[in-house]
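Asks: This is the structure, below, for whatever I ask next.
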Amino acid sequence: MHKAKQKIINPANGEVIAEVSVNDADGVAQAIKRARLAFEQGLWPRISLPERKNFLLKIAQGILEHAQELARLETLNTGKPIKESTFMDVPSAAETFKYFAENLENFLQPETRRISSEIACAEGNLLPEPIGVTALIVPWNYPLLIASWKLAQSLAAGNTVILKPASLTPLSALELVRITQGAGIPDGVVNIIIGSGASVGEALCADINLDLISFTGSNEVGKKIIGYTTKNVKKLIMELGGKSASIILEDADLEAAVNGSLCSIFLNQGQMCTAMSRIFIAEDIYDAFIDSFVERAQRLKLGPGEDFQTQMGPLISAEQRKKVISCVEKAKKEGAKVLCGGKIPDAPELKKGFFFAPTVLAGVSKEMTIFKEEIFGPVVCVNKFSTLEEAIDLANASEFALAACIWTKDEAQAKELASKINAGTIWINTYGMFFNELSYGGFKQSGFGKELGRVGFLEYTRLKNIVVDKTKESKPLVNYWYGF
Ligand code: NAP
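So for the sequence shown, our numbering puts the first residue at 624; every next one is plus one.
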């Protein structure tokens, strides 16, 4: 039987760069079956931890050996500047496999507890085990890196996997799966599903043979997935959207705050879950900050991602650009003032791609749609505040709670402020510092569960509790409960 094909587009010029075969619901069922069999009967969950470690190190090595090709593919497929894919996405992906390889033995150590009371004594062994068959559903903004986070953690925990990349950006995930095969991961352990979420999502997420779904994507799709899973019981990790806030205090290093804030909204064309799409500036430095920020935003060099000089590539698709334009138009109607951008750039060489100019909007109030909804594009709202209480109130006036930034020279004050900000990650005088050691995840409508670090890794396990009776003279309470 012929599999349907899907064209993959370079968003910098609209050209077709590849064609991939697409799975249907039957393909999903087959993949789950393979993964289940590999989990129940295969070697992967049963090999020694040092052996598991070596497989993961080989994957890390494989990524580094294919680094140039992976970076090129990621840039062609997503449009992100090659500087980002070369120096961030690809090396970080390799580093994640290495980190979990080197730490899995430590993270999987059982914990022993002795319990002793008047009537009962026991020894408890708390044992992290592989959870089973895991579905890893990945968005299009960091296709290789997010797939690598999930795959590294799930494999390190001893699970089998069904990886579902976004249908717009499957190329680096397909290459990653080939790398796992090259590393000798046994058959059936890593499976990949190509297909739109709308066509295969329910078949994948509702299957009773799945033990965990680790999803990164929009709030809207996250809620759909939660709905599918009510047909049976499984564990969920939900990394959803954001509407993050950056607070620039009066004593901030202005140069650092301006440059850091540019990165915090225009990196990856603003298509970041943690994009600081709301910036609040102390009123005394508002004009100085805005003059410099807007002037530099206008100077960002737009172009195809393959060019090392490019600082901002195209948006991922024509549809995504349409969505961004409609958000900006609505904001204008609701009273926002465009300080720069707000339109498709005029340069003729950008016409074929899905480019959008870096956009700064002022005069945005809490009630306006653009203040509340995630845009996922290079669009930022700026506002001034006069007191710390006002800054906190503005920052927390969101249904999302993923990340925040604070810029100040006063670290103690920043930490005090951080304790009052509703967000899963708070960066002080920096932006976007993700570390394999530090667990990451949002609150409120930004989701639940963590990725990375020991806490994130343990999300991919189940905890077994083994209790041994240690009552003196071997007479456990249950032995004489009925008086026999
Ligand atoms: P999306 O539309 O929610 O898609 C994410 C993934 O879910 C894709 O693989 C998508 O497949 C799949 N999907 C879509 N409909 C589905 C369904 N009914 N059932 C199962 N799977 C389904 O998100 P996106 O547009 O790719 O990415 C942008 C969003 O991701 C933003 O909201 C952003 O904030 C969020 N994000 C969050 C984090 C975080 O760590 N919190 C990180 C990065 C991105 P198709 O592409 O094939 O439809």
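Backbone N, C-alpha and C fix where the C-beta goes; we use that ideal spot for every residue, glycine too. Every value quoted in this text rests on a predicted model; they were computed, and no experiment measured them.
May I ask you to check if the CB of residue 889 is nearer than 7 Å to at least one heavy atom of ligand 1?
Replies: Stepping through the sequence shown from its first residue, residue 889 is reached at position 266. No, since every heavy atom of ligand 1 falls outside the 7 Å radius drawn around the Cβ of residue 889.
Asks: Considering only heavy atoms of ligand 1, does any lie closer than 7 Å to the CB of residue 719?
Replies: On the sequence shown, position 96 is the one that residue 719 refers to. Checking the Cβ of residue 719 against ligand 1 gives no.
Asks: Alpha carbon to alpha carbon, what distance is there between residue 637 and residue 838?
Replies: By 1-based counting over the sequence shown, the position of residue 838 is 215. By 1-based counting over the sequence shown, the position of residue 637 is 14. If you take the alpha carbons of residue 838 and residue 637, they lie about 28 Å apart.
Asks: Does residue 699 have its Cβ less than 8 Å from a Cβ in chain C?
Replies: Judged by its chain identifiers, the structure shown contains no chain C, having just a single protein chain.
Asks: Going by DSSP, name the residue or residues bridged to residue 905.
Replies: Position 282 of the sequence shown, counted from the start, is the residue given in the question as residue 905. Answer by DSSP bridge pairing, in chain order: 1008.
Asks: So does residue 764 have its beta carbon nearer than 7 Å to some heavy atom of ligand 1?
Replies: Taking the first residue of the sequence shown as 1, we reach residue 764 at position 141. Yes, Cβ of residue 764 sits closer than 7 Å to a heavy atom of ligand 1.
Asks: Following a CB-centred definition, is residue 915 positioned closer than 7 Å to any heavy atom of ligand 2?
Replies: Ligand 2 is not part of this structure, which contains only ligand 1.
Asks: According to DSSP, what are the bridge partners of residue 748?
Replies: Residue mapping note: residue 748 aligns to position 125 of the sequence shown, counting from 1. Partner(s): 735 and 1089.
Asks: Going by DSSP, what residue range makes up the beta strand (DSSP E) through residue 644?
Replies: In the sequence shown, residue 644 corresponds to position 21, counting from 1. 639 to 645 is the extent of the beta strand (DSSP E) around residue 644.
Asks: Bridge partners of residue 869, per DSSP?
Replies: Taking the first residue of the sequence shown as 1, we reach residue 869 at position 246. Residue 869 pairs with 902 and 1028.
Asks: Are residue 807 and residue 678 close, meaning C-beta to C-beta below 8 Å?
Replies: For this step, residue 807 is matched to residue 184 along the sequence shown. For this step, residue 678 is matched to residue 55 along the sequence shown. The answer is yes: Cβ separation under 8 Å.
Asks: If you run the structure through DSSP and keep just helix, strand and coil, what is residue 1070?
Replies: Counting from 1 along the sequence shown, the entry for residue 1070 is found at position 447. Note: residue 1070 maps to strand in three-state DSSP.
Asks: Leaving out five residues before and five after residue 1088 in sequence, what residues of the same chain have Cβ atoms less than 8 Å from its Cβ?
Replies: As a position in the sequence shown, residue 1088 is number 465, starting the count at 1. The answer, listed in chain order, is 747, 748, 749 and 750.
Asks: Please classify residue 697 as buried or exposed, where buried requires at least 16 other C-beta atoms within 10 Å of its C-beta.
Replies: On the sequence shown, residue 697 is found 74 positions in, with the first residue counted as 1. Classification of residue 697: buried, given that the 10 Å Cβ count is 16 or more.
Asks: If we ignore side chains and look at the alpha-carbon of each, how far apart do residue 1002 and residue 983 end up?
Replies: On the sequence shown, position 379 is the one that residue 1002 refers to. On the sequence shown, position 360 is the one that residue 983 refers to. Rounded to the nearest angstrom, the two C-alpha atoms are 6 Å apart.
Asks: Is residue 1085 near residue 849, with beta carbons less than 8 Å apart?
Replies: Taking the first residue of the sequence shown as 1, we reach residue 1085 at position 462. Taking the first residue of the sequence shown as 1, we reach residue 849 at position 226. No, the pair does not count as a contact, with Cβ atoms beyond the cut-off.
Asks: Along the chain, where does the alpha helix (DSSP H) containing residue 886 start, and where does it finish?
Replies: Position 263 of the sequence shown, counted from the start, is the residue given in the question as residue 886. Segment 877 to 889, the alpha helix (DSSP H) holding residue 886.
Asks: With DSSP as the reference, label residue 987 as helix, strand or coil.
Replies: In the sequence shown, the residue the question calls residue 987 occupies position 364. If DSSP states are grouped into helix, strand and coil, residue 987 belongs with coil.
Asks: Quick one: which unbroken alpha helix (DSSP H) runs of 4-plus residues sit fully inside the region 758 to 806? Chain order, please.
Replies: Correct list: 766 to 779 and 794 to 805.
Asks: Alpha carbon to alpha carbon, what distance is there between residue 644 and residue 1133?
Replies: One cannot answer for residue 1133 here, as it falls past the ends of the chain, which runs 624 to 1107.
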